[in-house]
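Read the structure below first, then the notes.
There are 2 protein chains.
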Amino acid sequence: MLEKYHQLIQEAIDHLSWQQEPVNLYEPIAYILSQGGKRIRPHLALISAEMFGAKAEEALMPAIAFEMLHNFTLIHDDIMDKADLRRGKPTVYKKWNTNIAILSGDALFAKAFEQMMKYQGGNKDQLLQLLTTTTIEICEGQQFDIDFETMKNVSIDNYLNMIRLKTAVMLAACLKAGALVAGVNEKYQDLIYQYGLQIGLAFQIQDDWLDVYADVSQFGKNVGGDIAENKKTYMSLRAFEKVEGADRQLLEKYFSLVNFDKQAKYQAVKAIYDKYQVGADALALVENTFFRQAMQLLSQIDIPQDKKQPLIEWTNKLIGRNY
Amino acid sequence: MLEKYHQLIQEAIDHLSWQQEPVNLYEPIAYILSQGGKRIRPHLALISAEMFGAKAEEALMPAIAFEMLHNFTLIHDDIMDKADLRRGKPTVYKKWNTNIAILSGDALFAKAFEQMMKYQGGNKDQLLQLLTTTTIEICEGQQFDIDFETMKNVSIDNYLNMIRLKTAVMLAACLKAGALVAGVNEKYQDLIYQYGLQIGLAFQIQDDWLDVYADVSQFGKNVGGDIAENKKTYMSLRAFEKVEGADRQLLEKYFSLVNFDKQAKYQAVKAIYDKYQVGADALALVENTFFRQAMQLLSQIDIPQDKKQPLIEWTNKLIGRNY
């Protein structure tokens with residue numbers, strides 16, 4: 031099943047055709063879309079559509095529109111974050127330059143809308159509205175993220191709101207897109223959207239945990255990258271809530287340092303996280319709050335359990351649950 | 031009549047409400063939209079709608095959507111062009127920073143779509159499609175413009191294609207938006223679009239001419255700015271087509287210089303333009319080609335002449351025709 035979705039998505043992306051000129055506008059777009067990645071967002075749209083009784087093919091246009099939208103945000107985010115690599119390859123702004131990255135991102139954004147416009151099934155207006163609202167919320171999330179870098183007091187609530195906007199709403203929107211394609215009632219549209227928010231939050235908190243505890247050989251990214259950059263994540267924010275005394279002074283020292291031995295800093299901060307069970311808190315939040323709530327929401331959707339199975343499988347894969 | 035349009039537009043923009051947070055996302059949007067400018071694009075949409083028998087009010091949503099889209103392009107263009115001032119005030123990227131300008135531009139782009147989605151009259155799909163296509167073309171135009179900076183051989187045809195995309199299509203789209211709101215046939219939609227392209231081209235060539243020949247006291251921008259920056263405009267490209275011998279060597283010297291006395295360079299280049307009647311060529315192109323073609327296109331639209339009068343007046347104002 032998931033293999034079928036993967037093929038559908040890959041073929042649809044391969045068949046997107048880009049104008050030849052201007053080369054510097056369309057090459058970066060073809061470049062980022064060809065890099066693959068997990069295609070989480072279009073998968074969610076197709077899975078949701080079939081779960082609600084539509085054919086996956088019917089949801090393909092909206093699914094690809096969201097994948098395009100996602101890649102547009104990556105192009106612009108990489109400029110803002112000065113990220114040199116993505117999926118192991120130079121980012122657009124690095125391979126070309128900032129201006130080309132701004133402009134090809136803008137064009138890809140417009141192309142995402144164009145893609146959605148091509149959809150000819152039901153609830154088209156709602157799908158377009160969903161794409162628009164989601165984009166605005168992602169911009170808000172990214173701005174909060176940037177703002178947080180220079181803010182002293184960021185609460186965990188602030189942080190959860192930020193990752194809801196920056197990460198979770200797009201996953202939620204893709205699931206809702208599937209529901210809209212299938213034409214289910216508003217209650218189900220909303221339940222699956224709320225489900226998406228929960229797994230989106232779980233996914234990001236999991237990612238924060240992985241930055242500290244992942245097996246280097248399995249984790250794509252640099253383990254300890256967030257710690258090295260003093261990033262505000264669930265891990266660091268939770269630590270600052272809990273850690274006291276000498277440990278806190280140490281933590282504060284490390285999180286104010288710019289020049290340091292990366293490995294020593296990582297080990298020291300990790301030791302504090304271990305001692306105060308910050309990692310356990312993160313996993314508990316993922317498991318006992320977000321995952322549990324997601325399942326509770328899903329249980330309110332009255333369709334046969336076997337119909338829900340692909341979504342549950344994908345969810346488990348997404349948030350790294352191996353049981 | 032034009033005063034009424036101006037009020038409608040101003041009120042609609044004043045009534046746009048922006049979320050408070052994140053402040054760094056929405057303040058730049060409110061800032062650029064409050065600066066005014068001539069509001070050429072929404073005016074064209076309203077004028078066209080009434081010309082074709084609709085009420086101006088009916089076209090207000092699309093008109094404002096295009097104004098928002100235009101301002102999004104300004105925010106991003108000013109980053110790319112490193113422009114410090116716009117309408118006499120600091121640009122968004124200068125007043126805040128590049129990241130905030132990228133992101134608030136993105137959000138304004140999405141808000142333009144949201145605005146268009148609010149329109150509830152006829153031809154909504156076509157209006158959304160028009161907004162999308164126009165955005166993509168503007169991105170293409172801007173990319174060509176950037177590419178041209180470092181290209182040796184840019185022909186006048188290349189240049190006209192670039193300004194068609196970068197400037198003219200948005201004016202054409204606004205006029206077509208009015209026609210779509212009024213629900214006229216496709217032939218008229220296309221004629222008014224083509225009319226818009228012609229006046230858009232005329233407007234830009236006029237602007238190129240003004241950079242050399244404008245009365246400093248009347249022209250908002252720095253006279254001679256294009257010459258100072260070795261910009262490829264109709265003026266310089268036409269000069270390189272015509273100028274020969276010692277004059278050409280002088281021209282080539284000036285257009286390869288980076289450090290120079292600005293005023294001396296301006297005077298020298300202007301003297302060559304005078305001698306070879308480059309300015310006269312520009313005005314002839316505006317008047318005998320683009321303006322004439324525009325009028326010819328307009329004459330094919332079979333509505334009473336007095337209905338066309340506001341558009342003709344606005345066109346004359348736009349391309350500085352005082353007779």
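If you read the protein sequences in the order shown, they are chains A and B.
Take the first sequence: its letters are residues 31 to 353, numbered as in this note's numbering.
Take the second sequence: its letters are residues 31 to 353, numbered as in this note's numbering.
Backbone N, C-alpha and C fix where the C-beta goes; we use that ideal spot for every residue, glycine too.
Please state if the CB of Phe321/B and the CB of Ala232/B are separated by a distance shorter than 8 angstroms.
Yes, they are a contact pair.
Name the chain A residues that come within less than 8 angstroms of Asp108/B, Cβ to Cβ?
Residues of chain A passing the Cβ test: none, with the nearest at roughly 11 angstroms.
Please classify Arg117/A: is it buried, with 16 or more other beta-carbons within 10 angstroms of its beta-carbon, or exposed?
Exposed, because fewer than 16 other Cβ atoms sit within 10 Å of the Cβ of Arg117/A.
Comparing C-alpha positions only, which one of Leu158/A, Ala140/A, Ala298/A sits nearest to Glu282/A?
Checked all of Leu158/A, Ala140/A, Ala298/A; the closest Cα to Glu282/A is Ala298/A.
Going along the chain, which residues of its own chain have a beta-carbon closer than 6 angstroms to the beta-carbon of Leu76/B, five neighbours each way excluded?
So the list reads Tyr35, Ala86, Ala89, Ala93, once near-sequence residues are dropped.
Can you find the residues in the same chain that come closer than 8 angstroms, C-beta to C-beta, to Leu38/A, ignoring five residues on each side of it along the sequence?
Within the same chain, Leu38/A has close Cβ partners Leu76, Ala86, Glu87, Leu90.
So if DSSP puts Lys305/B in a beta bridge, which residue, or which two residues, is it bridged to?
In the DSSP assignment, Lys305/B is bridged to no other residue.
Sequence-distant residues of the same chain with beta carbon closer than 7 angstroms to Thr164/B, five excluded per side:
Result list for Thr164/B: Val199, Met200, Ala203, in chain order.
Spell out the partners DSSP gives Lys119/A in its beta bridges.
Partner(s): Arg116/A.
Counting only Cβ pairs nearer than 8 angstroms, list the residues of chain B close to Ile193/A.
By Cβ distance, chain B contributes nothing, its closest Cβ being about 14 angstroms from Ile193/A, past 8 angstroms.
At least 3 beta-carbon pairs within less than 8 angstroms: the stretch 179-193 of chain A vs the stretch 53-61 of chain A:
Verdict: no, contact absent.
Just to make sure I have the definition right: I need the residues of chain B whose C-beta is within less than 7 angstroms of the C-beta of Phe174/A. Which are they?
The CB of Phe174/A comes closer than 7 angstroms to the CB of Pro52 in chain B, given here in chain order.
Check each residue of the stretch 252-280 of chain B: if its Cβ is closer than 9 angstroms to any Cβ of chain A, include it; give the result in chain order.
Listed by position, the residues of the stretch 252-280 of chain B near chain A (Cβ gap below 9 angstroms) amount to none.
Whole angstroms are fine: how far does the CA of Tyr189/A sit from the CA of Ile229/A?
Whole-angstrom Cα-Cα distance: 16 angstroms.
Contact belief for Ala137/A with Ile166/B at Cβ below 8 angstroms, rounded distance in angstroms:
Sure, about 6 angstroms apart at Cβ, within 8 angstroms.
Within 10 Å of its beta-carbon, does Tyr353/A have 16 or more other beta-carbons around it, so buried, or fewer, so exposed?
Only weak support is given to the placement of Tyr353/A: the predicted model assigns it a pLDDT of 38, under 50, and the value that follows is read from those uncertain coordinates. Under a 10 Å Cβ-count criterion, Tyr353/A is classified as exposed, with fewer than 16 other Cβ atoms of the shown protein chains found around its own Cβ.
Could you check whether Met81/A and Gly145/A sit closer than 8 angstroms to each other, using their CB atoms as the reference points?
According to the sequence shown, residue 145/A is Gln rather than Gly. In this structure, Gln145/A sits away from Met81/A, with a CB-CB distance that is not shorter than 8 angstroms.
In the DSSP assignment, find the unbroken alpha helix (DSSP H) run with Phe290/B in it and report its ends.
Phe290/B -> no alpha helix (DSSP H), and no H or E assigned at all.
Excluding the five sequence neighbours on either side, which residues of its own chain have a C-beta within less than 6 angstroms of the C-beta of Leu341/B, listed in chain order?
Same-chain partners within the cutoff: Ile77, Met81.
Check distances from the C-beta atoms of the stretch 130-163 of chain A to those of chain B and list, in chain order, the residues that come in under 7 angstroms.
Look at the stretch 130-163 of chain A: the residues with a C-beta under 7 angstroms from a C-beta of chain B are Ile132, Leu133, Asp136, Ala137, Phe139, Ala140, Lys141, Phe143, Glu144, Met147, Leu158, Gln159, Thr162.
Using 8 angstroms as the limit for Cβ to Cβ distance, is Cys169/A near chain B?
Taking Cβ atoms only, chain B reaches closer than 8 angstroms to Cys169/A, which makes this a yes.
Beta-carbon of Asp384/B versus every beta-carbon of chain A: anything under 8 angstroms?
Residue 384/B lies beyond the residue range present for chain B, which begins at 31 and ends at 353; the question has no answer from this structure.
Step through the CB atoms of chain A and report whether any lies within less than 8 angstroms of the CB of Ile166/B.
Yes - at least one Cβ of chain A is within 8 angstroms of the one on Ile166/B.
Quick one: list the residues of chain B neighbouring Leu221/A, beta-carbon separation under 9 angstroms, in chain order.
Neighbours of Leu221/A on chain B: none; closest Cβ ~24 angstroms, over 9 angstroms.
Report back the beta-carbon spacing between Ala312/B and Asp256/B to the nearest angstrom; my notes put them in contact at under 8 angstroms.
By a beta-carbon distance limit of 8 angstroms, Ala312/B does not contact Asp256/B. Their separation comes to about 12 angstroms.
Assuming Arg71/B is part of the alpha helix (DSSP H), what are its boundary residues?
Taken as a continuous stretch (DSSP letters only), the alpha helix (DSSP H) holding Arg71/B covers 70-81.
With a cut-off of 8 angstroms on the beta carbons, I'd call Phe139/B and Lys262/B a contact; round off their distance for me.
With a beta-carbon spacing of about 27 angstroms, Phe139/B and Lys262/B fall beyond the 8 angstroms limit used to define contacts.
Could you tell me the alpha carbon to alpha carbon distance between Lys295/A and Asp245/A, rounded to whole angstroms?
Straight through space, the alpha carbons of Asp245/A and Lys295/A are spaced by roughly 18 angstroms.
Using the beta-carbon of each residue, which ones in chain A are nearer than 8 angstroms to Leu55/B?
Those within 8 angstroms of Leu55/B in chain A are Cys169, Glu170, Gln173.
Just checking my contact of Leu205/A with Gly171/A at CB under 8 angstroms: how many whole Å lie between their CB atoms?
Between Gly171/A and Leu205/A the Cβ distance is about 18 angstroms, and since that is not below 8 angstroms, they are no contact.
Answer with buried or exposed for Ala324/B, where buried requires no fewer than 16 other C-beta atoms within 10 angstroms of its C-beta.
Buried, by the Cβ-count rule.
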